[in-house]
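Its first residue numbered 21, the sequence shown is counted upward by one per residue in this note's numbering.
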Amino acid sequence: MSAGVITVGGKKYAVGLYWQVSDTANVAKAARAAAAMSGVTADFFCVRAGNNQGRAPQFGLGEAKLGHAWNMPTAAATLANRQPGSWAGVFMVPEGVWFIEVRDGLIAPEGDLIFADEAEAMIRLQDVTARGGLEKIYSPPTWAIPGAEASSLASLLSGKAEARLQPVKVPKKLILGILGAIGFAIVASMAWSYYSAWAEESEMARLAEEGQRMAEQRRAEEEERKRREEAERQRILQEQASQLPTFQRTWEVSPKPLDWLDACRQAFEKVQIAPLGWNISGVSCSGSQVTASWVRTSGPAVVPEGAELDPNLRTASASYSLPELKPRGSEPLWPSEAINLYILNNDWQADITMVPVQTPPPMPNGQRVPPPPWQQRQIRWQVEISPWLLKGPLVDLPGFVVQSLGWSQDGTWQIEGTLYEQRK
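Have a look at this one:
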């Protein structure tokens, strides 16, 4: 790297400044404080105020030994003020090759360098490009860097409001020399210059504080907007949830099959199979009661115990209540594939019919209601032995709900129910 002045369009610009972010809105004060720190040699500083987009204020420190001078425009600050965002560039100048790196509108601490060797500048540009995050790259067209733009540095720097160097402190010898040589007019001119600088710093500080205040206000407004949107989203979800139908897990509030059949058995024991003058014609159990019916035969007859006669005295019927049974509780369902394998492997000779799935109608707001996550098979199972002696699917298959039990005069029993299974 070489010295700290480049020539663009016949005009001198300071480069090679060390840039830092100011922790206060009074950037000039922060720059002078940094220059006074031990180990720091700085004769001049350049100020970049923050803006109302949230960019922090920044200053750069320069040295007289690099060729920097009071009121000299700085290339990096002038260009960064006109080119916001994140970018990097290399420009050929008479003094060598100038490199600049800007991240989120801020000049990088080592992003303002002048190289004597073109290869070193290319390596530096490739390093910062490899880190990513750049929106634009400037480089000489002869380098052929993919995606890079070749633009004239003079055109990029053209315009007003250049960022210029200010002295960290005014040398006493210079002040005495000016006072002695020029007199009161020069003193007045210097006083006006200092006043202008102070006014400019004050205005920049005011703008920075105003920008910070506006940024905080925008953040507060954005947070409030997000809070209202989230509250509205939760309200809509709760409203939709309140409108969605609830699918009752019917098998879990039903008794287990063997408990159901055992309750029917106890009620069946109250039924007279062959009272005098009657033949039993049928017995059925619905889960809440057992119903029996008889038909008259010839000869004397008595009224079956607990039965009611029809007006022509040809038939009689009786009902016997069952106790309330305990629900089976939580019972996970089997998938269809497992049920199919069970039926085939155990040779379950029952009439099994799949119940079509009824898709719930859409709600008034047009929201589609999904069907329940299970499906049903209707079961009709005819056996020739007492059903309370059965086990098999009544015990093995979860989700099996017995709904009716009937006995016929041919001695057969018919069990009807529903088998719930997990939907695919």
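The beta carbon of each residue, even a glycine, is placed where N, CA and C say it ideally should be.
Please read all numbers here as calculations on a predicted model, not as lab measurements.
Residue i, buried or exposed, once every other Cβ within 10 Å from all chains shown has been counted against 16
i	result
L281	buried
D430	exposed
V117	buried
S216	exposed
K189	exposed
W298	buried
I293	exposed
M57	exposed
Y214	exposed
G80	buried
V28	buried
I359	buried
V322	exposed
V315	exposed
A150	exposed
G24	buried
G447	Lying before the first or after the last residue shown, residue 447 is absent from the chain, which here runs from 21 to 444.
Beta bridge counterpart(s) of residue i as assigned by DSSP
i	result
L409	Partner(s): none; L409 has no beta bridge.
A34	V25 and T94
G116	V113
R68	Q78
S301	BP columns for S301 are empty, so no partner.
V291	Its beta-bridge partners do not exist; DSSP assigns none.
I134	W118
S424	E436
W107	V122 and K156
I399	I372 and G437
Q429	Per DSSP, none; premise fails for Q429.
V41	Q78
P187	F64
I256	According to DSSP, which records beta bridges pairwise, I256 is partnered with nothing at all.
W394	Q442
Cα-Cα separation, residue i to residue j
i	j	result
R255	A76	39 Å
L342	D279	11 Å
M374	T317	43 Å
W39	E252	46 Å
W271	K246	44 Å
A96	G231	22 Å
V303	A370	21 Å
V273	E241	52 Å
K444	P352	14 Å
Q442	W408	27 Å
L185	I165	33 Å
M21	D132	Unreliable placement is indicated for M21, whose pLDDT of 48 sits below 50; the coordinate value is still reported in the next sentence. Each residue's alpha carbon lies about 11 Å from the other.
G82	R233	31 Å
E182	Y158	21 Å
Y33	G70	22 Å
N91	F64	9 Å
T311	Q402	19 Å
E220	E236	24 Å
A89	I26	13 Å
D330	E344	30 Å
R226	A108	30 Å
W163	R238	43 Å
V377	Q395	7 Å
S7	S301	No answer is possible for residue 7: the residues shown for the chain start at 21 and end at 444.
S42	M224	13 Å
G125	A48	19 Å
P324	S313	10 Å
W212	A170	42 Å
A287	R334	24 Å
L364	C284	29 Å
Q434	S428	8 Å
Y218	A141	For the sequence presented, residue 218 should be read as Trp rather than Tyr. Taking the straight line joining both Cα atoms gives about 38 Å.
Residue interval of the beta strand (DSSP E) (run including residue i)
i	result
E155	From DSSP, E155 is part of no beta strand (DSSP E); its letter is neither H nor E.
G442	According to the sequence as given, residue 442 is Gln; it is not Gly. Counting along the chain, the beta strand (DSSP E) containing Q442 begins and ends at W433 to Q442.
T270	Taken as a continuous stretch (DSSP letters only), T270 belongs to no beta strand (DSSP E), as it is neither H nor E.
L86	Per DSSP, L86 belongs to no beta strand (DSSP E) and is neither H nor E.
I143	Per DSSP, I143 belongs to no beta strand (DSSP E); it is in the alpha helix (DSSP H), E138 to A150.
S313	Q309 to R316
Enclosing alpha helix (DSSP H) for residue i [first to last residue]
i	result
Q286	P277 to F288
S172	Looking at the DSSP string, S172 is not in any alpha helix (DSSP H), and its letter there is neither H nor E.
R52	V47 to A55
Residue i: CB within 7 Å of a non-hydrogen atom of the ligand SAM
i	result
P320	This structure lacks the ligand SAM, and indeed carries no ligand of any kind.
Could you tell me which whole beta strand (DSSP E) segments of length 3 or greater appear in the region 329-385?
335-341 and 371-374
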